[in-house]
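K.L.:
In our numbering, the protein residues as written are 5 to 279.
Every residue gets a Cβ at the ideal spot worked out from N, C-alpha and C, and that includes glycine.
Given the structure is predicted, the values throughout are model-derived calculations rather than measurements.
Can you read through this structure? Questions will come right after.
Now the structure itself:
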């Protein structure tokens with residue numbers, strides 16, 4: 005059996021970038037991380053989830069947050085999906101960016117959030133496009149276990165993106181996210197179970213812990229769902245590090261028994277990127 009141990013880090017996030025980085029370092033010392041093959045971190049783990057904060061906290065690729073995450077991956081000899089953080093490019097565009105590092109601290113993936121969270125739902129208003137620019141790449145990367153895909157929060161609502169990652173070979177989809185107190189109870193678990201079923205993959209969602217003092221209240225409930233749509237693990241709203249062992253043989257077994265991906269009508273429809 006091909007097993008992968010995943011440490012899901014649902015951490016508290018403050019307004020102090022350095023404090024957030026130090027806090028992640030402490031959480032990475034936990035038994036759960038020490039036993040894991042892959043550690044995963046929330047969306048915007050190094051700054052408040054506030055649109056006006058993103059340009060203030062933004063760093064170029066290779067900045068201090070990037071360096072500290074690369075160092076943590078190498079120090080613990082672990083794959084690290086470093087949530088997401090604000091990134092600024094040479095032209096001054098700011099992105100919501102996820103980096104993934106291998107066991108040596110080398111960057112093996114970078115995903116800029118493609119679908120910006122511009123919503124006004126039942127009193128929950130948020131407009132990422134006020135300060136962020138969208139990415140335009142489907143992100144899949146190789147590991148010693150399998151290919152994995154990564155997207156960020158609102159990206160996961162668009163089924164085309166998950167299917168494109170699976171078309172490129174992904175068997176696990178990582179989703180750093182921060183659903184709120186309206187969208188979280190309604191759709192968080194539903195989306196992770198449905199995307200897992202549709203694509204016959206494991207889906208891993210990692211959210212910040214809830215802070216009632218912050219202006220944005222995260223739903224939390226970091227989650228792992230399996231290719232049959234079962235919830236393998238799910239947290240509450242508090243800070244936790246939870247270790248989940250998944251069996252990749254289950255992906256192959258379900259894809260053979262219920263061959264959805266083989267039965268696609270490629271003579272009628274297709275998924276493709278345009279760039």
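Does the region 55-73 come close enough to the region 83-97 that 3 or more CB-CB pairs lie under 8 angstroms?
P.N.:
The region 83-97 vs the region 55-73: in contact.
K.L.:
Which residue marks the beginning of the alpha helix (DSSP H) containing residue 200, and which one marks its end?
P.N.:
Here the alpha helix (DSSP H) through residue 200 covers 193-203.
K.L.:
For residue 29, collect the residues of the same chain with a Cβ closer than 8 angstroms to its Cβ; drop the 5 residues on either side in sequence, then sort them by chain order.
P.N.:
Hits under 8 angstroms: 72 and 76.
K.L.:
Under 8 angstroms Cβ to Cβ from residue 238, same chain only, skipping five residues before and after it: list those, please.
P.N.:
Hits under 8 angstroms: 193, 225, 226, 227 and 228.
K.L.:
Tell me the start and end of each unbroken alpha helix (DSSP H) in the region 209-272 that is at least 4 residues and wholly inside, in chain order.
P.N.:
With a minimum length of 4 residues, the continuous alpha helix (DSSP H) runs that stay inside the region 209-272 are 253-261.
K.L.:
Look up residue 100 in the DSSP assignment and say whether it is helix, strand or coil.
P.N.:
Here residue 100 sits in strand by DSSP.
K.L.:
Where does residue 62 fall in DSSP's three states?
P.N.:
Looking at residue 62 - three-state DSSP - the assignment turns out to be coil, as it is neither helix nor strand.
K.L.:
Could I get the ranges of all uninterrupted beta strand (DSSP E) runs contained in the region 61-149, with 3 residues as the minimum, in chain order?
P.N.:
With a minimum length of 3 residues, the continuous beta strand (DSSP E) runs that stay inside the region 61-149 are 83-85, 89-92, 98-105, 111-116, 122-125, 128-131 and 144-146.
K.L.:
Starting from residue 163, trace the alpha helix (DSSP H) in both directions and tell me its first and last residue.
P.N.:
From DSSP, the alpha helix (DSSP H) with residue 163 extends over 163-171.
K.L.:
Leaving out five residues on either side along the sequence, give the residues of the same chain with a beta carbon under 7 angstroms from the beta carbon of residue 124.
P.N.:
If we look at residue 124 and ignore the five residues flanking it on each side, it has no Cβ neighbours.
K.L.:
Compute the Euclidean distance between the alpha carbons of residue 277 and residue 99, then round it to the nearest angstrom.
P.N.:
So the two alpha carbons sit approximately 20 angstroms from each other.
K.L.:
Where do the ends of the alpha helix (DSSP H) carrying residue 21 lie?
P.N.:
Counting along the chain, the alpha helix (DSSP H) containing residue 21 begins and ends at 21-31.
K.L.:
When the Cα of residue 188 is compared with those of 16, 262, 161 and 63, which residue comes out closest?
P.N.:
When only C-alpha atoms are compared, the closest one is 161.
K.L.:
I want to see whether chain D comes within less than 8 angstroms of residue 242, judged by CB atoms only; does it?
P.N.:
Of the chains in the structure shown, none is chain D; there is only one protein chain.
K.L.:
Just to confirm my understanding: we take residue 230, look at its own chain, exclude 5 residues before and 5 after, and list those with CB closer than 8 angstroms. What are they?
P.N.:
Once the five neighbours on either side are set aside, the close Cβ partners of residue 230 are 200, 206, 236, 250 and 254.
K.L.:
According to the neighbour-count rule (16 or more other Cβ atoms, all chains shown, within 10 Å of its Cβ), is residue 36 buried or exposed?
P.N.:
Result: buried.
K.L.:
Please state if the CB of residue 139 and the CB of residue 179 are separated by a distance shorter than 8 angstroms.
P.N.:
No; because the gap between Cβ atoms is not below 8 angstroms, this pair is not in contact.
K.L.:
Does DSSP classify residue 17 as helix, strand or coil?
P.N.:
Residue state, collapsed to three classes: coil.
K.L.:
Which one or two residues does DSSP pair with residue 206 in a beta bridge?
P.N.:
Residue 206 pairs with 176.
K.L.:
Buried or exposed: where does residue 234 fall if 16 or more other Cβ atoms within 10 Å of its Cβ makes it buried?
P.N.:
So residue 234 counts as exposed.
K.L.:
Compare the C-alpha of residue 112 against each of 153, 135 and 241 and name the closest.
P.N.:
Here the closest residue by C-alpha is 153.
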